[in-house]
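Undergrad: Count the sequence shown with mature numbering (1 follows the signal peptide of the UniProt record, and there is no 0) and you get residues -29 to -1, 1 to 127, in order.
Note that the Cβ used here is the ideal one computed from N, Cα and C, for glycine as well.
Just so it is clear, the structure is predicted and the values come from calculations on it, not from any experiment.
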Amino acid sequence: MTGRTSGRVVAATVLGGALLAGGASEASAQSGNVQFITTGGDVRCDVIMIDGGPHVTCVSEGARSTMPECTPPHEKIPAVQVLGSGPGDVLCWNQGLVGTPRVLHPGTLGNAHGVTVIADPLGGLHVLSPALVYVAYAGPNTVGTSPLAVSSASSR
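1. In the DSSP assignment, the beta strand (DSSP E) including Met20 goes from what residue to what residue?
2. Taking DSSP as the reference, what is the three-state secondary structure of Ser31?
3. Name, in chain order, the residues that DSSP records as bridge partners for Gly79.
4. Out of curiosity, what's the CA-to-CA distance linking Glu32 and Glu40?
5. Please report the Cβ distance between Gly94 and Val14, rounded to the nearest whole angstrom; I am assuming they are in contact, meaning their Cβ atoms lie under 8 angstroms.
6. By Cβ distance below 6 angstroms, which residues in the same chain neighbour His26 in space, the five residues on each side in sequence not counted?
7. Starting from Phe43 and walking both ways along the beta strand (DSSP E), at which residues does that stretch end?
8. Could you pull out every residue in the same chain whose Cβ sits closer than 8 angstroms to the Cβ of Gln6, ignoring the five residues on either side in sequence?
9. Using the C-alpha atoms, what's the distance from Val51 back to Leu62?
10. Is Ser100 buried or exposed, if buried means 16 or more other CB atoms sit within 10 Å of its CB?
11. Can you list, in chain order, the residues of its chain whose CB lies under 6 angstroms from that of Asp60, leaving out five sequence neighbours each side?
12. Just confirm the distance between the C-beta atoms of Leu96 and Ala109, as a whole number of angstroms; I'd bet it's less than 8 angstroms.
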């Protein structure tokens, strides 16, 4: 299986599981602002409420290889950001994340402010809007606004 194909399989599996689960369960729902973190700690998604709507910022330290413009490293980090229901923007983020940290293990999902975040087995976080529309991905080597970001990173 090629890197591009395996990335698509992971994205399809993650999305299928989320849809079957109907989003996050009440047990995984969080109140307040939350920062979802992979078990490796290098990929993080902040879900906060701003101006009455969810605001998501996902960052990946490892995505510097695909976004060398995010310098200096101690000031900027590759990110994907979604305001409200989107669309998202890929950018270099220069501020911290403020949500209460919560680790997501591979295959688990969390929910804050109606936004669902799913951890995949490759160390990435997938973000679904309150309407369960795919809006962002942050992984060990890339950030993006599409599930294809997974396959783009694995084919490099």
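TA: This is what the structure holds:
1. Val14 to Ile21
2. strand
3. Residue 79 is actually Thr in this sequence, not Gly. Per DSSP, none; premise fails for Thr79.
4. 13 angstroms
5. 6 angstroms
6. Ile19 and Leu54
7. Per the sequence presented here, residue 43 reads as Pro, with Phe not at that position. Looking at the DSSP string, Pro43 is not in any beta strand (DSSP E), and its letter there is neither H nor E.
8. Arg15, Cys16, Asp17, Val18, Leu68, Val69, Gly70, Thr71, Pro72 and Arg73
9. 6 angstroms
10. buried
11. Gln52
12. 5 angstroms
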